[in-house]
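Here the structure comes first, spelled out in structure tokens, and everything after it is commentary.
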Amino acid sequence: MTIPISKVKIFESARTRLNQALDSGMLAQGPQVGELEKLFADRHGVNHAVAVNNGTTALVLALEVLDLQPGDEVITTPFTFAATLNAIIESGATARFVDIGDDFLMSTDQISDAINSRTRAVMPVHLYGQMVDMNQLEESLGGRNEISIVEDAAQAVGSKFQGRSAGSFGIGCFSLYATKNVGCGEGGIVTTNDDRLADRMRILRNQGMKARYEYVVPGHNYRLTDLHAAVAIPQMENLETLTESRRQNADFYLKELQGLEGMILPTSRPGDLHVWNQFTVRIDGSAPVTRDELVEHLNEREIGTGIYYPRLVFDYDCYRNLSSVVITETPNAKDITSQCLSIPVHPSLTDGDLDFIVSTLRKIWSQ
Ligand SMILES: *Cc1c(COP(=O)(O)O)cnc(C)c1O
2 MTIPISKVKI FESARTRLNQ ALDSGMLAQG PQVGELEKLF ADRHGVNHAV AVNNGTTALV
62 LALEVLDLQP GDEVITTPFT FAATLNAIIE SGATARFVDI GDDFLMSTDQ ISDAINSRTR
122 AVMPVHLYGQ MVDMNQLEES LGGRNEISIV EDAAQAVGSK FQGRSAGSFG IGCFSLYATK
182 NVGCGEGGIV TTNDDRLADR MRILRNQGMK ARYEYVVPGH NYRLTDLHAA VAIPQMENLE
242 TLTESRRQNA DFYLKELQGL EGMILPTSRP GDLHVWNQFT VRIDGSAPVT RDELVEHLNE
302 REIGTGIYYP RLVFDYDCYR NLSSVVITET PNAKDITSQC LSIPVHPSLT DGDLDFIVST
362 LRKIWSQ
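Mind the numbering: the sequence shown is residues 2 to 368 in this note's numbering, read in order.
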């Protein structure tokens with residue numbers, strides 16, 4: 002693809018930092034991981050950021066410190082990446098689902114009906130970089146303190162709801178995978194304001210070791226390396242600029258792609274910060290091409306596309322007969338799986354790329 006669907010920004014200072022790591026011999030978790038955690042916590046307005054080796058282990062770790070028992074339930078949406086569901090299953094809990102709205106986000110008005118005596122957590126997915134309405138979500142919990150919020154903020158580094166950052170409402174789980182807004186290949190971050198939880202997570206990520214060879218709990222190896230932190234830190238240092246560039250690209254599309262029949266443009270709530278990990282449109286039956294034909298047309302012209310996600314997360318044989326997955330009718334999410342299409346919105350796009358993508362789409366519509 003001449004214009005890929007995502008592209009990571011590698012800063013010159015990442016090369017310097019990588020060389021520092023290589024020269025120091027400190028290849029595993031070291032001082033640069035600490036620096037990344039500090040940057041991440043400061044930027045998200047939280048007391049603690051715990052770096053881990055990917056976004057999936059971030060979710061697993063967040064659920065593990067809730068001490069879920071078999072039969073305990075976690076509410077999420079089926080319009081998400083497999084990791085959300087896999088993490089719930091790995092925690093030993095049961096996943097229950099609510100539908101999504103036209104903004105692709107959890108329908109918070111369905112949460113109270115999904116709550117029962119076994120509900121222990123709700124896991125909103127801040128999909129494509131836009132936060133779930135956290136006021137409505139908190140209201141739907143009706144003050145039940147036994148229900149924790151675990152934010153799947155994998156796609157939402159730096160995003161804000163009414164001035165408050167993703168990851169600051171509950172336990173926040175972020176991904177530093179290559180296609181995310183801050184990407185270093187593989188990596189993840191868990192955020193929390195709770196000192197005790199942060200302590201437990203730091204111990205669990207490192208084999209359950211509190212001090213050298215002093216094991217206090219059976220743990221994991223979920224550590225991030227300084228090599229990865231070296232690539233992520235410069236992106237965190239430039240996060241406002243990178244996000245602003247995504248926002249401008251999205252604004253350009255929202256202006257220039259208006260009026261194409263059957264193409265439903267994404268929305269964002271005014272006043273909140275959508276960080277546009279993906280720019281996702283819906284192609285419905287009134288468009289001159291089907292979604293899948295459009296993918297082909299764009300790919301022929303070397304424009305990268307993504308379908309996130311082609312099926313509901315539980316719509317695979319491996320989940321169908323698990324008692325820990327409560328399969329639920331979610332008609333809106335189901336429709337959207339056949340309509341969604343993401344086009345490039347990353348900060349490396351040039352004005353020429355953006356013009357080419359818009360004119361290609363307008364040409365397809367005028368044929
Ligand atoms: C990327 C992603 C994850 C998992 O992150 P990894 O770093 O790939 O393990 C989880 N949830 C969502 C919604 C994601 O997009």
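In this text, a Cβ means the ideal position worked out from N, Cα and C, and glycines have one as well. Please read these numbers as outputs of a predicted model, since none were measured by experiment.
Residue i versus residue j: straight-line alpha-carbon distance, rounded
i, j, result
"TYR223", "GLU257", "44 Å"
"TYR254", "HIS347", "12 Å"
"MET124", "GLN368", "43 Å"
"GLN236", "LEU177", "10 Å"
"THR376", "THR57", "In the structure displayed, the chain extends from 2 to 368; residue 376 sits before or after that span and is not available."
"ARG119", "PRO71", "10 Å"
"ASP318", "ASP114", "27 Å"
"GLN340", "ALA334", "10 Å"
"THR242", "ALA22", "26 Å"
"HIS127", "ASP153", "6 Å"
"GLU74", "MET210", "29 Å"
"LEU138", "ILE116", "12 Å"
"ASP68", "ARG206", "16 Å"
"GLN163", "LEU295", "36 Å"
"LEU37", "MET107", "30 Å"
"ILE365", "THR351", "21 Å"
"ILE169", "GLU301", "It should be pointed out that residue 169 corresponds to Ser in this sequence rather than to Ile. Taking the straight line from one Cα to the other gives about 42 Å."
"ALA94", "ASP196", "24 Å"
"GLU215", "ASN136", "42 Å"
"THR331", "GLY26", "51 Å"
"VAL151", "PRO345", "28 Å"
"PHE315", "GLY144", "29 Å"
"ASP252", "ILE265", "15 Å"
"ALA122", "ASN250", "35 Å"
"ASP336", "ASP293", "14 Å"
"ASN239", "ALA96", "37 Å"
Interface flag, residue i vs chain C, CB-CB below 9 Å
i, result
"GLU241", "The structure shown has no chain C; it contains just one protein chain."
Cβ-Cβ distance between residue i and residue j below 9 Å
i, j, result
"ILE204", "VAL191", "no"
"LEU313", "THR338", "yes"
"ILE90", "VAL326", "yes"
"VAL61", "SER14", "no"
"GLY260", "ALA288", "no"
"ARG201", "VAL66", "yes"
"LEU342", "ARG283", "yes"
"ILE234", "GLN30", "no"
"PHE82", "TYR320", "no"
"THR329", "PHE12", "no"
"ALA167", "HIS45", "yes"
"LEU64", "ALA88", "yes"
"GLY189", "ASN54", "yes"
"ASP110", "SER149", "no"
"LYS161", "LEU274", "yes"
Which of helix, strand or coil DSSP assigns to residue i
i, result
"SER225", "In the sequence on display, residue 225 carries Leu and not Ser. Coil, per DSSP."
"TYR317", "coil"
"ALA155", "coil"
"MET210", "strand"
"TYR178", "coil"
"MET27", "coil"
"PHE170", "coil"
"LEU86", "helix"
"ALA94", "coil"
"VAL61", "helix"
"ILE344", "strand"
"GLU187", "coil"
"MET107", "strand"
"LYS364", "helix"
"SER14", "helix"
"ILE234", "helix"
"THR81", "coil"
"THR192", "strand"
"ILE337", "helix"
"ILE150", "strand"
Touching by the beta-carbon criterion (3+ pairs, under 8 Å), the region 169-178 and the region 148-157: yes
The region 126-146 in contact with the region 272-281 per 3-pair CB rule at 8 Å: yes
The region 299-310 contacting the region 2-20, beta-carbon criterion three pairs below 8 Å: yes
Segment contact flag, the region 224-235 with the region 185-195, C-beta cutoff 8 Å, min 3 pairs: yes
Segment contact, 8 Å Cβ cut-off, at least three pairs: the region 349-366 with the region 94-104: no
Stretch pair the region 68-79 + the region 39-51: three plus CB contacts closer than 8 Å: no
Sequence ranges, alpha helix (DSSP H) only - wholly within the region 247-331, length at least 4: 292-301 and 318-321
Whole beta strand (DSSP E) elements within the region 109-147, 3-residue minimum: 120-123
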